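Trainee: For reference, the structure I am asking about is given below.
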Amino acid sequence: MKVLPKTSQLRPPTLARREARLAYIMILPTFLIVMLIVILPVLWNAWLSFKPVRLGDLARINFWTLDLSLRNFQTVLQGRHFWPILTTTLVYTIGGTVLSIFLGLLAALLVREAFPGRGVFRGFLLFPYIAPVVAVAFVWRMMLNAQFGIVNELGVRWFGMQRTAFLAQRTLEVSLAGLHIKWPLALSMVILFEAWRYFPFAFLFILARLQALPDDLYEAAAVDGAVPSQRFWYITLPQLRGVFATLFLLRFIWTFNKFDDVYLLTGGGAGTQVITVQIYEYLFGRYNIGAAAALAVVLGLVLAVFLVIYFRYLAVEEA
Amino acid sequence: MSRERFELTLIKVLKVLGILFFGLMAIFPFYWMVVLSFRPLQEVLLEPVRLWPTWENVRTLSTYKGVLFEQGFTRFIRNSAFVSLITMTLTVLLAILGAYAVARLRFRGRDLMSSGILLIYMFPAIMLAIPLFVVFQRLGLRNSLSGLIIVYMAQTLPVALYMLRSYFQTIPADLEEAGLIDGCNRFAVIWRITLPLSMPAVASVALYTFMIAWNEFLFALLFLLERPQVWTLSLGVQQLDNFEVPKTWLMAGSVIISVPVIAIFSFFERFLTKGLTAGAVKG
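Protein sequences appear in the order of chains A and B. Position one of the first sequence corresponds to residue -10 (our numbering), numbered consecutively onward. Position one of the second sequence corresponds to residue 7 (our numbering), numbered consecutively onward.
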């Protein structure tokens, strides 16, 4: 019996099918690049984290043998450094995130109403965010330098401060009401840098939301006799909750994954070691690719846990 | 004085102070970078707080000459320009095609593409760094600029595609259908109708891709470190940070790398600001 070809092969492809085919062709290059450079590496990173691979073995090693073990995770997690590093990372991330959003809010409130030169001023505020990280990190290091930094010079001259290596000194003894506190100095500086560099991002988000707030809300409140501080507290802030939530999420993720800033400012020294810099350290300081990959997996997992907590307990409805 | 009046006056005063504070905070580091970049280190050590360089400093340009001609910065500038321009061109080209498909054409998996693309953007760069380092080493792509360009494309494509898609969706489809009925094929429609209408979005995506590639540091450090001939500017500046190079040369390098970005931004600020909130620059 003769097999008839399916009708679809006889007829020219339908319009819908031609459209779909065209779409696949158009999206293919992007899809391939993202697959090869993002998705596959992430999967392969997980595979490497179970294998004993060192930098020197790269040329010879067979990556597909099944010599899998949890050794790398032991190295990474049992090292007496892991908990301090995780704590530092969280303090750095939360501190940088909250402070940058706070500064962004202040800046947005300033720019909300017109004043002469507002456009230029707004442009200036964005400089820290768009400038190359290498340049701004180094100028901060110059300004905080113990030998000739302007902060030290002016601090000594005007406030009788002691010369301080802001980015190289782990803690500062502070006496407050009879209490002696060891304030983490270098870490605070790194957090300040973070806040300085990323407040423009929060600023733009908050400003856009502020300018979209309807005037009648404020008019009604003014009629009811609310003074400016009350209007801010009971109208503006509640209206911004959604933006704050989005900003916190984005900035948390990006700061948590950040490598450049800490690496360039302190190299991870003086109590500023964060997970990403530690991964780099495993890779090029100890030539241990397996351990670096394992720590990268841990980084991803901690981030995932945070996201679960965020969406489960902290997320507020978009206003 | 009523409480209303009192608060309004207070706010006025605080506003002036706030504007001064924020202006100084945002701009001073850049001003200081420029001042230090002109001064020889010995002079800075003798007189650390000098709010402007002497005419002599500016005339001789000794730090800039040192960085450009002794530290190989002319080459780094070329490398950075090459990497950024190629990344920009290829990313914009591919993103236009992809964004158009997602915005206009019906195909299975469209919604997945549409929402998945931004998720990609959240992946930690350092997680990709290790496997890519290993693979590039094996393929001989390490210490080459082409390897770096592919990585930069992967880093910029998702958000470029997302931004263009959003823009394409605002263009009425009727215009394109008219073109299709008149006998243009899809690519002619994109070229003649969609793109001319989307120039602001295309331009801002192009500028962002350029700026991201120009500023990038981590992958340049991972992939290029062993071959100074292929260093980009950000790696070149970072490598000035050693005991043989005077610290003010570092500032000259920082000025050189910052000027193009600040110039582009100041010139095109109006339509770049929108992209910042769309998350164009992951920072």
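No residue lacks a Cβ here, since even glycine has one placed at the ideal position from N, Cα and C. None of these values were measured; they are calculated from a predicted model.
Could you say which of A:Leu253, A:Phe190, A:Gln200 lies nearest to Tyr118 (chain A) if we only look at CA atoms?
Mentor: Selection A:Leu253, A:Phe190, A:Gln200 evaluated against Tyr118 (chain A) yields A:Phe190 as nearest (Cα-Cα).
Trainee: Any chance the segment 257 to 268 of chain B sits against the segment 123 to 139 of chain A, with 3 or more Cβ pairs inside 8 Å?
Mentor: A contact exists between the segment 257 to 268 of chain B and the segment 123 to 139 of chain A.
Trainee: Could you tell me the alpha carbon to alpha carbon distance between Ser(-3) (chain A) and Trp53 (chain A), rounded to whole angstroms?
Mentor: Annotation note: pLDDT 48 at Ser(-3) (chain A) (below 50); position unreliable, no value reported.
Trainee: Can you list, in chain order, the residues of its chain with a C-beta nearer than 6 Å to that of Asp117 (chain B)? Leave out the 5 residues immediately preceding and following it.
Mentor: none
Trainee: Could you check what DSSP says for Leu88 (chain A) in three-state terms: helix, strand or coil?
Mentor: helix
Trainee: Say whether chain B places a C-beta atom closer than 8 Å to the C-beta of Tyr276 (chain A).
Mentor: no
Trainee: For Ile83 (chain B) and chain A, any beta-carbon pair shorter than 8 Å?
Mentor: no
Trainee: For Met220 (chain A), which three-state DSSP category applies?
Mentor: As written in the sequence, residue 220 (chain A) is Arg, which differs from the Met given in the question. Helix.
Trainee: Measure the C-alpha to C-alpha separation of Ile33 (chain B) and Phe116 (chain A) and round it to an integer number of angstroms.
Mentor: 7 Å
Trainee: Could you give the DSSP three-state label for Leu59 (chain A): helix, strand or coil?
Mentor: Reduced to three states, the DSSP call for Leu59 (chain A) is coil.
Trainee: Where do the ends of the alpha helix (DSSP H) carrying Val140 (chain B) lie?
Mentor: 131 to 145
Trainee: What do you get for Asp249 (chain A), buried or exposed, if any count of 16 or more other CB atoms within 10 angstroms of its CB means buried?
Mentor: buried
Trainee: Please say whether Asn34 (chain A) and Ala285 (chain A) have beta carbons closer to each other than 8 Å?
Mentor: yes
Trainee: Distance cutoff 8 Å, beta carbons only. Does Ser(-3) (chain A) sit that close to anything in chain B?
Mentor: Note that Ser(-3) (chain A) scores 48 on pLDDT, short of 50, meaning its location in the model is unreliable; the coordinates nonetheless yield the value given after this. No, Ser(-3) (chain A) does not count as interfacial toward chain B.
Trainee: Taking only beta-carbon atoms, is Met131 (chain A) less than 8 Å away from chain B?
Mentor: yes
Trainee: Which residue's Cα is closest to the Cα of Val291 (chain A): A:Leu196, A:Lys40, A:Trp72?
Mentor: A:Trp72
Trainee: When the cut-off is 8 Å and only beta carbons count, does Asp249 (chain A) lie next to chain B?
Mentor: yes
Trainee: Ignore the nearest five residues each way along the sequence and tell me which others in Gly153 (chain B)'s own chain have a CB closer than 7 Å to its CB.
Mentor: Phe142, Leu147, Phe229
Trainee: Measure the alpha-carbon distance for Gly149 (chain A) versus Val50 (chain B) and round it to whole angstroms.
Mentor: 21 Å
Trainee: When you compare the CB positions of Val236 (chain B) and Gly259 (chain B), do they come within less than 8 Å of one another, or not?
Mentor: no
Trainee: Looking at the secondary structure, which residues open and close the alpha helix (DSSP H) in which Lys18 (chain B) lies?
Mentor: 9 to 44
Trainee: In chain B, which residues lie with their C-beta within 7 Å of the C-beta of Gly289 (chain A)?
Mentor: Here the neighbours are Pro130, Met133.
Trainee: Listed in chain order, which residues of the segment 17 to 35 of chain B have Cβ atoms closer than 8 Å to some Cβ of chain A?
Mentor: Ile17, Lys21, Gly24, Ile25, Phe28, Gly29, Met31, Ala32, Ile33, Pro35
Trainee: Between Asn61 (chain A) and chain B, is any beta-carbon pair separated by less than 8 Å?
Mentor: no
Trainee: At a CB-CB cut-off below 8 Å, which residues of chain B make contact with Gln15 (chain A)?
Mentor: Gln is not the amino acid found at residue 15 (chain A); the sequence shown has Met there. By Cβ distance, chain B contributes Leu103, Gly104, Tyr106, Ala107, Leu111.
Trainee: Can the beta-carbon of Leu47 (chain B) be found closer than 8 Å to that of Thr254 (chain B)?
Mentor: yes
Trainee: Can you tell me whether DSSP reads Leu165 (chain A) as helix, strand or coil?
Mentor: strand
Trainee: Counting only Cβ pairs nearer than 7 Å, list the residues of chain A close to Pro137 (chain B).
Mentor: Those are Pro30, Trp33, Asn34, Leu37, listed as they occur along chain A.
Trainee: Please list, in chain order, all residues of the same chain as Thr255 (chain A) whose beta carbon is under 7 Å from its beta carbon, the five residues on each side excluded.
Mentor: Leu156, Ala175, Val179, Thr261
Trainee: Look at the alpha carbon of Ile139 (chain A) and the alpha carbon of Phe44 (chain B), and state the distance between them as a whole number of angstroms.
Mentor: C-alpha of Ile139 (chain A) to C-alpha of Phe44 (chain B): approximately 16 Å in a straight line.
Trainee: In chain order, what residues of the same chain lie with their CB nearer than 6 Å to the CB of Ala212 (chain B), ignoring the 5 residues before and after it?
Mentor: Met94, Val98
Trainee: Identify the continuous alpha helix (DSSP H) that holds Gly289 (chain A) and give its terminal residues.
Mentor: 278 to 298
Trainee: Report the residues of the segment 151 to 182 of chain B with a CB closer than 7 Å to any CB of chain A, ordered along the chain.
Mentor: Ile156, Val157, Met159, Ala160, Leu163, Pro164, Leu167
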